[in-house]
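In this note's numbering, the protein residues as written are 1 to 247.
Every residue gets a Cβ at the ideal spot worked out from N, C-alpha and C, and that includes glycine.
So the structure is just underneath, and the comments pick up after that.
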Amino acid sequence: MAHEQGLPESSVRHRFARERSVVEPWLSGLTSESTMLDVGCGAGAWTMLFAQRCQHVVGIDVSPNMLAAAKAELVDAGNVELIVGDALEVPLEGPFDAAFVGGVLMYLNREDAVRLLARLRGLVPAGVIVLRESTLRSGIETKSGEYNVVYRSPDEYAAIAADAGLSVVRVERNRGYADMEIAVELVNLVRRIPYAARRDPQFVGHPLWRALQLSAFISLNLLPRAIEAVGIDWPHLTNHFMLLESE
1 MAHEQGLPES
11 SVRHRFARER
21 SVVEPWLSGL
31 TSESTMLDVG
41 CGAGAWTMLF
51 AQRCQHVVGI
61 DVSPNMLAAA
71 KAELVDAGNV
81 ELIVGDALEV
91 PLEGPFDAAF
101 VGGVLMYLNR
111 EDAVRLLARL
121 RGLVPAGVIV
131 LRESTLRSGI
141 ETKSGEYNVV
151 YRSPDEYAAI
161 AADAGLSVVR
171 VERNRGYADM
181 EIAVELVNLV
191 RRIPYAARRD
201 PQFVGHPLWR
211 ALQLSAFISL
221 NLLPRAIEAV
231 GIDWPHLTNH
241 FMLLESE
């Protein structure tokens, strides 16, 4: 999302730092003897973080290209096992002390989402499961074609979790994602101007991100909260972290 819109690398670091501030307290019980399952590990950013805290980490992703990037990122991490495959089907040996699911359920229909969470409940019988999913404020929105995805509200995910024998005990809006989404929507708006549209995306993305950072207290905190308080659906997509435990 950042690079396609011409946003600087610092925007990615900003997002990850804000995301960590939510997730790390939820996983405070992990120790150097813990085992962790990272479902939808992608290029390995979260996997690296978990590897620094746990004895053993297993990362799964359906994309061979993503796993290749993760292997390059984690080349010096001797406690990480990376698996290419579908988390619904790939053989896994538990138990794990915790699991992180990063943007996976949004690509599954409801039945498969329940199946995956039920499987994770069996693999993490006494630990916690953390979800990070792109969300809507309410309801469900399905997109199909070149990009197939199901956006759901946190309430919808709570219902899916309940059907899998899990309870959502904490929900936190992903402010790092929100900051990026605000920047992306503003970049898209500016690039409607013909002169800006003809330039490299960084021509708009870099200075716009700097401006947002300089005015962060207003542009990335007060303004979004005020817009949300009056019920305006902007940005349209949100993202939430959800902490799940067995019922």
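Given a cut-off of 7 Å on the beta-carbon distance, is the pair R152 and H240 in contact? no
My understanding is that E245 touches V128, with C-beta atoms under 8 Å, so please give their C-beta distance in whole angstroms. 6 Å
So is R121 buried or exposed if we call it buried at 16+ other beta carbons inside 10 Å? buried
Are at least three pairs of beta-carbons, each pair with one atom in the segment 13–31 and one in the segment 170–185, less than 8 Å apart? yes
Three-way DSSP call (helix, strand, coil) for L166 in this model: strand
For the pair the segment 89–100 and the segment 133–147, tell me if three or more CB-CB distances fall below 8 Å. no
Determine whether the beta carbon atoms of R53 and L37 lie at a separation below 7 Å. no
DSSP bridge partner residues for A252 (one or two, in chain order): In the structure as shown, the chain starts at 1 and stops at 247, and residue 252 therefore has no counterpart that could be examined.
Ranges of the alpha helix (DSSP H) found wholly within the segment 30–118, counting only runs of at least 4: 45–51 and 64–73
With R132 as the anchor, note down where its beta strand (DSSP E) starts and where it stops. V128 to T135
From R110, E156, N188 and L237, residue whose alpha carbon lies closest to that of L7: N188
Let's see if you can read the secondary structure: which residues bound the alpha helix (DSSP H) around E245? First-last for E245: T238 to S246, but that is the beta strand (DSSP E), not the alpha helix (DSSP H).
Using CA coordinates, which residue listed in F100, D86 and V90 is at the minimum distance from L108? D86
Go ahead and pull the three-state DSSP assignment for V184. helix
Could you compute how far the alpha carbon of E146 sits from the alpha carbon of E33? 43 Å
Just how far apart, CA to CA, sit W46 and A229? 32 Å
What residue from L49, T238, E81 and C41 has the CA that sits closest to L27's CA? L49
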